[in-house]
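**Q**
Number of protein chains: 2
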Amino acid sequence: MGAQQRRSGLGTNQEAVRRHNLGTLLRHVHGTGQMSRAELTSLMGLNRSTIAGLVAELESLGISERATPAGGARQGAGRPSAGVAIAADGPCVIAVDLGVDRAVVARVGLGGRVLQRAQAPVPVGGEAWQVGASVAALIREVVEDAPAASPLVGIGISVPGMVRRSDGLIRLAPNLEWHDVSFGGIVLAALGLDVPVSLANDADLGALAEHTRGVGVGVDDLIYVSGQVGVGAGVIMGGHRLEGAGGYAGEVGHLRFDPGGRPCHCGNRGCWETEVGAHAIAEAIHCPPDKVAQLDEVLDGFDSPSPELCRTGTAIGHGLASIVNMFNPRLVVLGGYFRSLHQLVGPDIQAGLSDRALPAPLESVRLTLPGLGSDSALLGAAEIALEPLFVDPVAALGAALVDVRARLAG
Amino acid sequence: MGAQQRRSGLGTNQEAVRRHNLGTLLRHVHGTGQMSRAELTSLMGLNRSTIAGLVAELESLGISERATPAGGARQGAGRPSAGVAIAADGPCVIAVDLGVDRAVVARVGLGGRVLQRAQAPVPVGGEAWQVGASVAALIREVVEDAPAASPLVGIGISVPGMVRRSDGLIRLAPNLEWHDVSFGGIVLAALGLDVPVSLANDADLGALAEHTRGVGVGVDDLIYVSGQVGVGAGVIMGGHRLEGAGGYAGEVGHLRFDPGGRPCHCGNRGCWETEVGAHAIAEAIHCPPDKVAQLDEVLDGFDSPSPELCRTGTAIGHGLASIVNMFNPRLVVLGGYFRSLHQLVGPDIQAGLSDRALPAPLESVRLTLPGLGSDSALLGAAEIALEPLFVDPVAALGAALVDVRARLAG
Numbered sequence: 001m002g003a004q005q006r007r008s009g010l011g012t013n014q015e016a017v018r019r020h021n022l023g024t025l026l027r028h029v030h031g032t033g034q035m036s037r038a039e040l041t042s043l044m045g046l047n048r049s050t051i052a053g054l055v056a057e058l059e060s061l062g063i064s065e066r067a068t069p070a071g072g073a074r075q076g077a078g079r080p081s082a083g084v085a086i087a088a089d090g091p092c093v094i095a096v097d098l099g100v101d102r103a104v105v106a107r108v109g110l111g112g113r114v115l116q117r118a119q120a121p122v123p124v125g126g127e128a129w130q131v132g133a134s135v136a137a138l139i140r141e142v143v144e145d146a147p148a149a150s151p152l153v154g155i156g157i158s159v160p161g162m163v164r165r166s167d168g169l170i171r172l173a174p175n176l177e178w179h180d181v182s183f184g185g186i187v188l189a190a191l192g193l194d195v196p197v198s199l200a201n202d203a204d205l206g207a208l209a210e211h212t213r214g215v216g217v218g219v220d221d222l223i224y225v226s227g228q229v230g231v232g233a234g235v236i237m238g239g240h241r242l243e244g245a246g247g248y249a250g251e252v253g254h255l256r257f258d259p260g261g262r263p264c265h266c267g268n269r270g271c272w273e274t275e276v277g278a279h280a281i282a283e284a285i286h287c288p289p290d291k292v293a294q295l296d297e298v299l300d301g302f303d304s305p306s307p308e309l310c311r312t313g314t315a316i317g318h319g320l321a322s323i324v325n326m327f328n329p330r331l332v333v334l335g336g337y338f339r340s341l342h343q344l345v346g347p348d349i350q351a352g353l354s355d356r357a358l359p360a361p362l363e364s365v366r367l368t369l370p371g372l373g374s375d376s377a378l379l380g381a382a383e384i385a386l387e388p389l390f391v392d393p394v395a396a397l398g399a400a401l402v403d404v405r406a407r408l409a410g
Numbered sequence: 411m412g413a414q415q416r417r418s419g420l421g422t423n424q425e426a427v428r429r430h431n432l433g434t435l436l437r438h439v440h441g442t443g444q445m446s447r448a449e450l451t452s453l454m455g456l457n458r459s460t461i462a463g464l465v466a467e468l469e470s471l472g473i474s475e476r477a478t479p480a481g482g483a484r485q486g487a488g489r490p491s492a493g494v495a496i497a498a499d500g501p502c503v504i505a506v507d508l509g510v511d512r513a514v515v516a517r518v519g520l521g522g523r524v525l526q527r528a529q530a531p532v533p534v535g536g537e538a539w540q541v542g543a544s545v546a547a548l549i550r551e552v553v554e555d556a557p558a559a560s561p562l563v564g565i566g567i568s569v570p571g572m573v574r575r576s577d578g579l580i581r582l583a584p585n586l587e588w589h590d591v592s593f594g595g596i597v598l599a600a601l602g603l604d605v606p607v608s609l610a611n612d613a614d615l616g617a618l619a620e621h622t623r624g625v626g627v628g629v630d631d632l633i634y635v636s637g638q639v640g641v642g643a644g645v646i647m648g649g650h651r652l653e654g655a656g657g658y659a660g661e662v663g664h665l666r667f668d669p670g671g672r673p674c675h676c677g678n679r680g681c682w683e684t685e686v687g688a689h690a691i692a693e694a695i696h697c698p699p700d701k702v703a704q705l706d707e708v709l710d711g712f713d714s715p716s717p718e719l720c721r722t723g724t725a726i727g728h729g730l731a732s733i734v735n736m737f738n739p740r741l742v743v744l745g746g747y748f749r750s751l752h753q754l755v756g757p758d759i760q761a762g763l764s765d766r767a768l769p770a771p772l773e774s775v776r777l778t779l780p781g782l783g784s785d786s787a788l789l790g791a792a793e794i795a796l797e798p799l800f801v802d803p804v805a806a807l808g809a810a811l812v813d814v815r816a817r818l819a820g
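If you read the protein sequences in the order shown, they are chains S and W.
Here the first sequence is numbered in my numbering, starting from 1 and rising by one per residue.
Here the second sequence is numbered in my numbering, starting from 411 and rising by one per residue.
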């Protein structure tokens with residue numbers, strides 16, 4: 001409700017307040033997986049009876065269950081406050097991390113619990129329908145052990161490319177060579193299911209997941225910069241995802257870096273990606289072209305940084321300086337193969353940044369690795385699929401599918 | 411309430427709802443200066459009696475008054491819905507636009523009405539206390555005709571530099587040569603008044619004003635790029651001001667533009683500002699250094715663009731391409747001397763942008779001039795000073811000063 005309310009200047013009425021509070025309470029429990037009523041009372045600024053009513057409603061919806069508080073949670077001398085935990089058979093979502101060389105699929109519950117996962121290679125140069133069929137097969141795999149009572153709220157898909165916010169159309173995924181692909185519809189058709197499906201850019205989802213349950217919890221201004229094959233960023237500012245008019249914000253790989261530099265696949269010359277993208281780095285370290293999609297693994301094989309990698313580290317830092325001047329983030333999370341590079345040439349990255357950023361934004365920014373390892377985008381895909389539950393749990397459950405395993409088998 | 415509610419996940423109670431609704435209603439009336447109850451009922455999604463109660467409260471606070479609706483506002487066959495208008499003696503604020511060569515001060519009422527204005531040159535190389543004394547004198551001037559009943563809610567100050575969000579400290583105003591200046595406190599001391607004072611960067615305030623009542627009304631994703639002496643940007647994304655961790659977001663003048671370019675005052679080489687800042691342009695057109703702060707007037711004297719200015723236009727477009735790739739705005743508003751440049755070399759700016767931006771964000775972006783002329787930052791300063799009225803009108807009036815003219819005379 002918050003976003004809509006602020007956008008359109010709507011007033012608030014009793015029923016809207018109740019649904020807002022129910023979703024907000026669930027978002028709190030989702031954050032940590034379990035919470036006491038006393039904590040919820042204090043966090044939400046509502047009285048105990050209101051909280052008790054909301055908790056009872058979530059229980060009756062099968063979303064949460066009563067948890068016995070741990071001894072440590074005892075407050076004062078009275079009875080410990082009863083706990084609220086995510087129900088074991090509660091709602092779940094399917095998260096898909098579509099990479100340029102492989103797809104990872106997971107069934108994920110509230111609290112960000114990965115309940116089942118599977119992965120498979122993505123055929124090089126594969127058509128969207130072929131990749132969609134592979135993803136559908138992985139989805140069938142991860143619902144095999146799903147309890148019949150657990151409703152499927154939706155599917156979230158992380159995409160290595162530009163996704164139109166209005167309808168999830170993949171406008172461009174350069175390294176899959178896809179233009180204007182309705183991948184959500186393709187996956188649903190391959191499954192023969194009708195369930196809400198959401199798509200977003202992988203770096204955007206990495207930022208979202210790190211903000212929700214990774215290294216960026218409690219950090220309102222963070223940027224997740226991801227080296228996959230190309231380079232992109234997901235931006236959270238003031239606690240909100242920065243999306244832009246069409247959903248394409250964060251294309252930092254195409255910042256002007258050196259007007260005399262190399263040609264970029266976008267048609268320009270000297271974009272940042274031509275210096276720090278996977279193809280440029282692979283060339284610098286004489287990595288064979290067919291290994292570019294596994295650049296992180298290749299880099300993990302290095303014992304010590306070569307001079308070429310140190311120069312790459314400096315170039316990463318110089319590009320980050322423009323990003324830091326532009327956004328003034330508190331945290332820059334280095335994802336994808338930038339994780340591996342940070343292990344090797346972290347000091348060069350930091351020095352490049354410190355050399356070039358303005359003092360005021362530099363003093364409060366910190367470079368860090370993802371808290372969720374290589375699962376940031378996957379868990380971000382789960383987050384966007386779960387989101388309707390935090391806006392209006394009742395409506396989201398109404399749109400969910402039950403007995404998914406049987407439906408997919410049939 | 412909205413922002414706080416979303417940040418901290420607070421629940422909502424009845425009293426908070428009432429204050430939120432009162433402020434939201436006032437924000438609507440502030441937007442257009444006058445509105446019918448029927449429009450408010452429809453905009454806010456509340457019933458007529460709730461709206462009537464809120465309107466009565468605003469009237470009793472002296473903020474609004476009953477307006478006779480124009481004949482055209484008649485709805486259907488019944489009585490026309492009574493109107494709500496800003497009260498003539500209602501609350502006001504002082505807005506200060508501190509430029510590098512002059513200060514403009516205005517008394518501004520709700521609805522963005524400029525009630526009185528004054529301006530004076532800022533002494534070159536002036537100390538902060540000297541400039542503060544000039545600004546205080548201008549403030550005394552603009553309250554001379556203020557009605558005794560009109561409460562002063564606060565002072566808003568637009569600054570050509572980086573302002574720390576937490577306390578309004580001016581960290582750096584390069585062209586005033588100020589570092590770490592508490593200018594708000596200096597102005598209050600010169601006035602001998604204690605009233606809320608807010609400071610923010612001029613481009614940020616330009617963006618805010620253009621979004622509230624300029625060319626960006628209804629546009630949720632816009633960037634106001636301002637050429638003063640340096641170059642900065644104010645960014646509105648998803649309807650919210652992009653501030654960053656410390657309030658320094660939008661320093662687009664220090665985007666890396668050409669690593670082999672000229673030295674920048676920030677210590678780097680080839681920042682965008684070294685190509686499109688006032689000093690670079692003045693040099694290109696052989697404008698004397700003492701006219702740099704009036705570059706807009708110098709440019710307005712050109713009949714046709716010189717080849718140097720065409721090249722500057724292209725460089726502006728190339729820099730805007732990085733900004734468009736990064737933010738995916740719907741609107742880019744060209745403020746400061748970029749207004750004059752757009753009249754001269756608009757096609758070169760557009761061509762530079764179109765050549766270098768990615769197709770997806772390019773297709774939805776439009777370059778435009780400010781709707782508020784050279785008053786964007788001034789009116790933005792009024793907006794931040796008025797803001798407490800839209801969060802909680804009762805509390806904001808409690809903190810306001812009455813009979814300001816007499817207090818300043820005494």
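We treat Cβ as the ideally placed atom computed from N, Cα and C, and that holds for glycine.
As the structure is a computational prediction, the values presented were derived from the model and not from experiment.
What residues in its chain sit with their C-beta under 7 Å from that of I596/W, if we drop five residues either side in the sequence?
**A** Excluding five sequence positions before and after I596/W, the CB atoms of its chain that fall closer than 7 Å to its own CB belong to A538, W539, G542, given in chain order.
**Q** Among I496/W, A731/W, L582/W, which residue has its Cα nearest to the Cα of G472/W?
**A** I496/W
**Q** Give a yes or no on whether the minimum CB-CB distance between A201/S and chain W is below 8 Å.
**A** Correcting the residue type first, residue 201/S is Asn in the shown sequence and not Ala. Chain W, which has no Cβ nearer than 8 Å to the Cβ of N201/S, makes this no.
**Q** Report the option in L525/W, V686/W, V645/W whose CA atom is closest to the CA atom of F748/W.
**A** V686/W
**Q** Tell me T778/W's beta-bridge partners as DSSP assigns them.
**A** V743/W
**Q** Which residue's Cα is closest to the Cα of A498/W: A516/W, A505/W, E475/W?
**A** By alpha-carbon distance to A498/W, the top candidate from A516/W, A505/W, E475/W is E475/W.
**Q** So which of N175/S, A120/S, V108/S has the shortest CA-CA distance to F146/S?
**A** Sequence inspection shows Ala at residue 146/S; the Phe mentioned does not correspond to that position. Comparing Cα-Cα distances from A146/S to each of N175/S, A120/S, V108/S, the minimum goes to V108/S.
**Q** Measure from the C-beta of N175/S to each C-beta in chain W and report whether the shortest distance is under 8 Å.
**A** no
**Q** Go to A816/W, then tell me how far its alpha helix (DSSP H) extends in each direction, as first and last residue.
**A** Its alpha helix (DSSP H) spans residues 814-819.
**Q** Compute the Euclidean distance between the alpha carbons of G808/W and C271/S, then round it to the nearest angstrom.
**A** 54 Å
**Q** Could you give the first and the last residue of the continuous beta strand (DSSP E) run that contains V298/S?
**A** Boundaries around V298/S are those of the alpha helix (DSSP H), 295-300, since no beta strand (DSSP E) includes it.
**Q** What residues from chain S crowd round F748/W, counting only those whose CB sits closer than 7 Å?
**A** Residues of chain S whose Cβ lies closer than 7 Å to the Cβ of F748/W do not exist; the shortest such Cβ separation is about 18 Å.
**Q** For G238/S, which residues in the same chain have their Cβ closer than 8 Å to its Cβ, ignoring the five residues on either side in sequence?
**A** D220, D221
**Q** Put G72/S into one of helix, strand or coil per three-state DSSP.
**A** Residue confidence is low: G72/S scores 48 on pLDDT, short of 50, so the model does not pin down where it sits. Its coordinate-derived value is still stated next. In the structure shown, G72/S sits in a helix (DSSP, three-state: H, G or I).
**Q** Taking the alpha carbon of G571/W as the reference point, which residue from D604/W, S560/W, P501/W, V662/W has its own alpha carbon closest?
**A** V662/W
**Q** Can you say whether R766/W is buried or exposed, counting buried as having 16 or more other CB atoms within 10 angstroms of its CB?
**A** buried
**Q** Kindly indicate if chain W contains any beta-carbon less than 8 Å away from that of L172/S.
**A** yes
**Q** By the three-class DSSP mapping on this structure, what secondary structure does S226/S have?
**A** strand
**Q** Determine, for G654/W, whether the minimum Cβ-Cβ distance to residues of chain S falls below 8 Å.
**A** yes
**Q** Between the region 201-211 of chain S and the region 376-387 of chain S, are three or more C-beta pairs nearer than 8 Å?
**A** Flag = yes, the region 201-211 of chain S and the region 376-387 of chain S touch.
**Q** Which residue marks the beginning of the alpha helix (DSSP H) containing G594/W, and which one marks its end?
**A** 593-601
**Q** So with Cβ pairs under 8 Å, would you call E449/W a contact of chain S?
**A** no
**Q** Buried or exposed: which applies to E449/W, given that a residue is buried once 16 or more other Cβ atoms fall within 10 Å of its Cβ?
**A** buried
**Q** Using a Cβ-Cβ cut-off of less than 9 Å, give me the residues of the region 43-70 of chain S that come near chain W, in sequence order.
**A** Correct list: L43, M44, G45, L46, N47, T50, I51, L54.
**Q** I need the straight-line Cα distance from V514/W to D507/W, nearest angstrom please.
**A** 5 Å
**Q** Look at the alpha carbon of R256/S and the alpha carbon of V197/S, and state the distance between them as a whole number of angstroms.
**A** 35 Å
**Q** For P457/W, does the count of other Cβ atoms within 10 angstroms reach 16, so buried, or fall short, so exposed?
**A** At residue 457/W the sequence reads Asn, which differs from the Pro that was named. Per the 10 Å Cβ criterion, exposed.
**Q** I'd like the ranges of any beta strand (DSSP E) spanning at least 3 consecutive residues and lying wholly in the region 235-294 of chain S.
**A** none
**Q** Using beta carbons (cut-off 8 Å, strictly below), is E141/S in contact with chain W?
**A** no
**Q** To which residues of the same chain is H432/S closer than 6 Å at the C-beta, ignoring the five residues directly before and after it?
**A** The question about residue 432/S has no answer here: the residues shown for chain S are numbered 1 through 410.
**Q** Can you confirm whether A351/S, when its beta carbon is compared against all beta carbons of chain W, has any partner nearer than 8 Å?
**A** Not one chain W Cβ lies under 8 Å of A351/S.
**Q** Hey, is Y658/W's beta-carbon within less than 8 Å of any beta-carbon in chain S?
**A** Yes, Y658/W lies at the interface with chain S (some Cβ there is under 8 Å from its Cβ).
**Q** With a Cβ-Cβ cutoff of 8 Å, do R550/W and A530/W count as a contact?
**A** It is not a contact, given that the beta carbons lie outside the stated cut-off.
**Q** So who's on the other strand from G509/W, going by DSSP bridges?
**A** Partner(s): none; G509/W has no beta bridge.
**Q** Quick one: which chain S residues come within Cβ less than 7 Å of A690/W?
**A** Simply none; closest approach about 16 Å.
**Q** Closest to D430/W by C-alpha separation, out of L464/W, I646/W, P584/W, S459/W, would be which residue?
**A** First, the residue type needs correcting, since residue 430/W is His and not Asp in the sequence shown. Ranking L464/W, I646/W, P584/W, S459/W by CA distance to the CA of H430/W puts L464/W first.
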